[in-house]
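Before any comments, here is the structure.
Number of protein chains: 2
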Amino acid sequence: MSAEIVCVGTELLLGNILNSNAQFLAGELARLGIPHYYQTVVGDNPDRLQQAIAIASQRAELLIFTGGLGPTPDDLTTETLADFFATPLVERAEILQDIAEKFKMRRRQMTPNNRKQALLPQGAQVLPNRSGTAPGIIWQPRPTLTILTFPGVPSEMQQMWQETAVPFLKQQGWGQQVIHSRLLRFWGIGESALAAKIPQFFDYSNPTVAPYALDGEVRLRLSARAASEAAALKLIAPVEAELRTLTGQDLFGADQDSLASVVGELLRDRTQTLAVAESCTGGRLGAMLTQVAGSSSYFLGGIISYANAVKTNFLGVSRELLTQLGAVSEPVAKQMALGVQQQLQADWSLSITGIAGPGGGSEQKPVGLVYIGLASPERQVEIFEYRFGQERDREAIRYLSACHALDRLRRRLLAG
Amino acid sequence: MSAEIVCVGTELLLGNILNSNAQFLAGELARLGIPHYYQTVVGDNPDRLQQAIAIASQRAELLIFTGGLGPTPDDLTTETLADFFATPLVERAEILQDIAEKFKMRRRQMTPNNRKQALLPQGAQVLPNRSGTAPGIIWQPRPTLTILTFPGVPSEMQQMWQETAVPFLKQQGWGQQVIHSRLLRFWGIGESALAAKIPQFFDYSNPTVAPYALDGEVRLRLSARAASEAAALKLIAPVEAELRTLTGQDLFGADQDSLASVVGELLRDRTQTLAVAESCTGGRLGAMLTQVAGSSSYFLGGIISYANAVKTNFLGVSRELLTQLGAVSEPVAKQMALGVQQQLQADWSLSITGIAGPGGGSEQKPVGLVYIGLASPERQVEIFEYRFGQERDREAIRYLSACHALDRLRRRLLAG
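Which chain is which? The protein sequence lines are A and B, in order.
Going by the working numbering, the first residue of the first sequence is number 581, and it counts up by one from there.
Going by the working numbering, the first residue of the second sequence is number 581, and it counts up by one from there.
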C-alpha cells in the first residue's frame, strides 16, 4: 500500500507559485504511516493529466489530487478522472445547495460557473469543503484504488484534509508502519563539516540519518519506521542523544524549533527581556521573534530605524558618527543596540545595520556587509561583522542577518 | 522538444522542505520558451529513481535533476544516472582540485566523503559550482537526450543555472516559442466573483487567461506563445488593458509587484512618507515594506509596540484605554497610528493591533480580530476591523493583517 501525490495546475509548471500543498500532504502522509514514493505535477491539460493518472494508478493504491476543482473552464481534475475511469458525472443537489448557501451568507451573487462544482463521478462520496465552494471526492473507481481530490487553495485543502481525509484514512487502517522523522537543526556549520564529524551515522538503517543543507542552515533527518510514533521515537532517542553530544552548540534545535523559539525559551528561563533595533532588516527580526506564540513574555518590541533621523531621535545614534562613518558601521550598530536597550528598558538587545542591496554598495562597503550588535544586561556590547557576499539577493541577506543575530544571542545565552 | 524537472530527495517526500527549486526552474524554462509538462519528485532510492528516469526519458528530451549531488552516501543522483545509462563513473582531477581549493580558502578540512563529488559519468561535461563543492553535469547519454544535474541547495542551483545552464540552453536553440506569462494580481475580491466579471476571457487561446486563488490574493495569468518575449507581450497588452478596465481597483499590480511595492510607488509619486506601529504583526509590515529595494525614500521606520509599555511610552497610547478596552480595540489602533505618525513626523501611518492566536482569544475578542489604523496627512484616522476567523493560524492572520493594511493605504492613495 502506497500513496502518490498529483498536483494539477499550469501555474505550477510556469513557476507562478510554490507547491506548498505537496509539502503539507507529504508531511501528513508520513505522520499517518502511509508511504509515498512519488509526487507528480501536471498542467491543466486533460491528455497529460490522463497520462499522469495512468502512471500513478499503476504504482500506487491511493492517489491524492490537489488543484483543478475550481469554477473556471481550466479546472479539469474531476471530469478528467471520470473520463479516465469511464464513469459519468452526476449533478449532486446537496452540493449545489451548499454552494448557494455560501454565496447567500457572503452576500455575493452565485454565478453559473459555480454549478460545475456540483458535478461528481457517479459513486463518489463528497469530501466536504467548509470554507470554499469546491468540494473534493473520495472515490474508489476500482476496488484496489482510492482517489481523494482537494482544491488548490492551501487553507481549504488543509481544512478538508484534517476534518475528513485523516479520519477516513485512519479508518482504512492503511497506516500500519509509521515513519516518524525528527529533524536536528544546525546553524553556523556547513554540511560536509557536519557530516565529517559523524560519518558512522549514515550507515544506520532504523533510524536512518540523512543531512541536507538549506540557505544558512543544515539539518539532520532521523527517520524511524515502527508500529507507532512512540515506538519510532524510542528508536530515535538514543541516536539523537549521541548526535547531540558529538555536535555541541552548532545544534540549535529540533523539529519545529526556530532560532527565534529557542532564544525565546532561553530568555523565558531567565525571565529576561529583549528589544531590537533594525535598519536593513526593517522589522524582519521582530517578525521572526513574534512568529513564536507567547513571545510577549520576553519580547518587548523595537524600533525600525530605517531613516537616519529615527536612529538619532529614538536610539540616540550620534549625527556625527552617521556623517563620518555612515549608518553601516560598527559604532552605529553599537549605539543602536544600547539605544534600544535603554529606551525599552530591556535586559538584552540586538541591532542590525547593513547593506541589503541591490544598490547602495561601494568597494569599501559592499552589498552584503552587515553589523550585528548584541547588548548584554551589563550594558556590554559585542559587534559582529558579516559579509554575506554580493551574489546573494536582498531578501537572502536580510534573512541571514536576522538569523545570525538570533544565533549570536542564543550562543551568548548558552554561555551563561 | 520538451523538458522535465526531476527533484530528488527524501526530505521532499517527508515534507521537510518546500520544493522551491521546481518553482525556480519552471519559471526559467517558461522564460526560455522550453515547454515542460511534468515535474516529478522522488526520494533518495536508486530503484525508484531509475523508474523516474525511465518515465521522464521517454516523454522529454531534456531532463533537469536537482538534489542528490552532495557528499553523503544518500546522495545518489549521479551514480544512478550512470547506472541507468550503463556508463562508468570516472574521477575528474579538475573537480578534485577545485574542491580542495575551496576547503583551503574556507580554512576547513577536506573530508574523504567530498571525493565522491569528483566522480562523473564518462563523457559528461562538468556544470561548475562556484559557491559549493558539488558540481553538476551536462550529459548526452544518447543523441536525443540531454541531462543537466544541480545540487539541491537553492542558491548554488540558481547560480549554476544562470551562469552555465542558461547560455548552454540558449546555444542549443531549443527555445523556439517563448511562453510568456503576465500575472494580474488582485486583493479584496474572491476568485469566482472575479471570474464572473470576465467570463468571456476564459475562452481565449493566445493569450490564455486563467485565474487562481492564493490565501487572500487572486491572480489572473495571461500566457501567450510567440516567437519572442516582445511578440508575446504584444499579444498580451490589449487583453490586459481590457481586463484592467473591467476589474478596477481590485487589481493592485502585475508580475513582481507586491502590495508593498505598489504603495511605495504611490508614495514616491507624491514624495510622501510612511511610518508603522505594529503590535501583533511584530515587524512583519515593516519587513514587507523594506523588502522593496529603494524603500528608504518613503519608508521612515516604525515602532514595534509589542509590550503595552512601548505603546504608552513611545506612541502615547493612554494607560486608561489599555486597561479599560484592552490593546486590541479601535481607540488603541487610532492612538497607535497618530502616535507613530507624530513621533516619526511621517505623512502617513499604519497601525495594527490584533489577536494572532493561538491563545489570547475570548468570546468578545476572538482569535483573528484585528484593527488597522490609517492616519492621513490631515491627521484623520480611519479604523478598519477584520475578523480573520479562528480557523486560520497565527502566521496567516499576521500575513493577512499586514496585507490588508497595505491595501487600505493603497486604496486611500488612489482615491487622491
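For every residue, glycine included, the Cβ atom is placed at its ideal position computed from N, Cα and C.
Exercise. Which residues in the same chain as B/D663 place their Cβ atom closer than 8 Å to its Cβ, once the five residues preceding and following it in sequence are excluded?
Worked result: P626 and Q630
Exercise. Name the residues in the region 600-628 of chain A whose C-beta lies less than 9 Å from a C-beta of chain B; which are they?
Worked result: S600, A602, Q603, F604, L605, A606, G607, E608, L609, A610, R611, P615, H616, Y617, Y618, Q619, T620, V621, V622, G623, D624, N625 and R628
Exercise. Just checking my contact of B/N596 with A/N599 at CB under 8 Å: how many whole Å lie between their CB atoms?
Worked result: Not a contact, Cβ separation roughly 14 Å.
Exercise. So, does the CB of B/S658 fall closer than 7 Å to a CB anywhere in chain A?
Worked result: One detail in the question is off: residue 658 of chain B reads as Thr in this sequence, not Ser. Chain A contact via Cβ: absent.
Exercise. Is there at least one Cβ from chain B nearer than 7 Å to A/A775's Cβ?
Worked result: Yes, A/A775 lies at the interface with chain B (some Cβ there is under 7 Å from its Cβ).
Problem set entry | Beta-carbon contacts of B/G582 that lie in its chain and below 8 Å, excluding the five residues immediately before and after | One detail in the question is off: residue 582 of chain B reads as Ser in this sequence, not Gly. I614, P615, H616, Y617, R639, A640, E641 and L642, listed in sequence order.
Exercise. In this structure, does DSSP put A/R899 in helix, strand or coil?
Worked result: helix
Exercise. Counting contacts by CB-CB distance shorter than 7 Å, is B/A715 in contact with chain A?
Worked result: For clarity, residue 715 of chain B is Pro in the given sequence; the question names Ala instead. So, not an interface residue.
Problem set entry | Listed by chain order, chain A residues near B/A793 by CB distance under 7 Å | V733
For this session: Could you confirm whether any beta carbon from chain A is found closer than 7 Å to the beta carbon of B/D654?
Result: With respect to chain A, the C-beta atom of B/D654 has a partner C-beta closer than 7 Å.
Exercise. Shorter than 7 Å from the beta carbon of A/I884 to some beta carbon of chain B?
Worked result: yes
Exercise. Shortest alpha-carbon distance to A/L924 belongs to which of A/E971, A/A936 and A/L854?
Worked result: The residue with the shortest Cα to Cα distance from A/L924 is A/L854.
Exercise. Taking 7 Å as the CB-CB limit, is B/L593 close to chain A?
Worked result: yes
Exercise. Does B/A887 get closer than 7 Å to chain A when you measure Cβ to Cβ?
Worked result: yes
Exercise. Counting contacts by CB-CB distance shorter than 7 Å, is B/R722 in contact with chain A?
Worked result: no
Problem set entry | Endpoints, beta strand (DSSP E) assigned at B/Q638 | Here B/Q638 belongs to no beta strand (DSSP E); instead the alpha helix (DSSP H) covers P626 to R639.
For this session: Kindly confirm or deny that the region 686-701 of chain A and the region 939-951 of chain B touch, where touching means at least three C-beta pairs closer than 8 Å.
Result: no
Problem set entry | Distance between beta carbons of A/L661 and A/I727, contact taken as under 8 Å | 6 Å
For this session: Could you tell me whether the region 834-853 of chain A touches the region 869-884 of chain B, using the rule of 3 or more Cβ pairs below 8 Å?
Result: no
Problem set entry | Unbroken stretches of the beta strand (DSSP E), 3 residues or longer, contained in the region 797-841 of chain A | 797-806 and 831-834
Exercise. Out of curiosity, what's the CA-to-CA distance linking A/I633 and A/A680?
Worked result: 32 Å
Exercise. Which same chain residues, not among the five before or five after B/A913, have their C-beta less than 7 Å away from its C-beta?
Worked result: Result list for B/A913: S931, T933, Y951, I952, G953 and I963, in chain order.
Exercise. With distances taken from CA atoms, which of A/A714, A/T744, A/E822 and A/L764 is nearest A/L800?
Worked result: A/L764
Problem set entry | Sequence-distant residues of its chain with Cβ nearer than 7 Å to A/S761 (five each side left out) | A610, R801, L802 and S803
Exercise. Identify the residues that DSSP records as bridge partners of A/Q619: which are they?
Worked result: DSSP lists A/I585 and B/V621 as partners of A/Q619.
Exercise. Using the C-alpha atoms, what's the distance from A/W741 back to A/V670?
Worked result: A/V670 and A/W741: Cα-Cα distance of roughly 24 Å.
For this session: Would you list the one or two residues that DSSP bridges to A/S761?
Result: A/S803
Exercise. Comparing the C-beta of A/A867 with each C-beta of chain B, is any distance below 7 Å?
Worked result: yes
Exercise. Terminal residues of the continuous alpha helix (DSSP H) containing A/Q742?
Worked result: It is not in any alpha helix (DSSP H) - A/Q742 carries neither H nor E in the DSSP assignment.
Problem set entry | Close Cβ partners of B/L676 (< 6 Å) along its chain, the five nearest in sequence each way excluded | A698
Exercise. Mind listing which residues of the region 799-810 of chain A have their C-beta closer than 9 Å to chain B's C-betas, in chain order?
Worked result: R799, R801 and S803
Exercise. Does DSSP classify B/V912 as helix, strand or coil?
Worked result: Note: B/V912 maps to helix in three-state DSSP.
For this session: Step through the CB atoms of chain A and report whether any lies within less than 7 Å of the CB of B/F879.
Result: yes
Exercise. Which residue comes first and which comes last in the beta strand (DSSP E) that contains B/S931?
Worked result: W928 to G934
Exercise. What in chain A is Cβ-close to B/E971, meaning under 9 Å?
Worked result: R710, S711, S735 and Q739
For this session: Return the chain-ordered list of same chain residues with a C-beta closer than 6 Å to the C-beta of B/N709, the five sequence neighbours on each side being excluded.
Result: P715, E736 and M740
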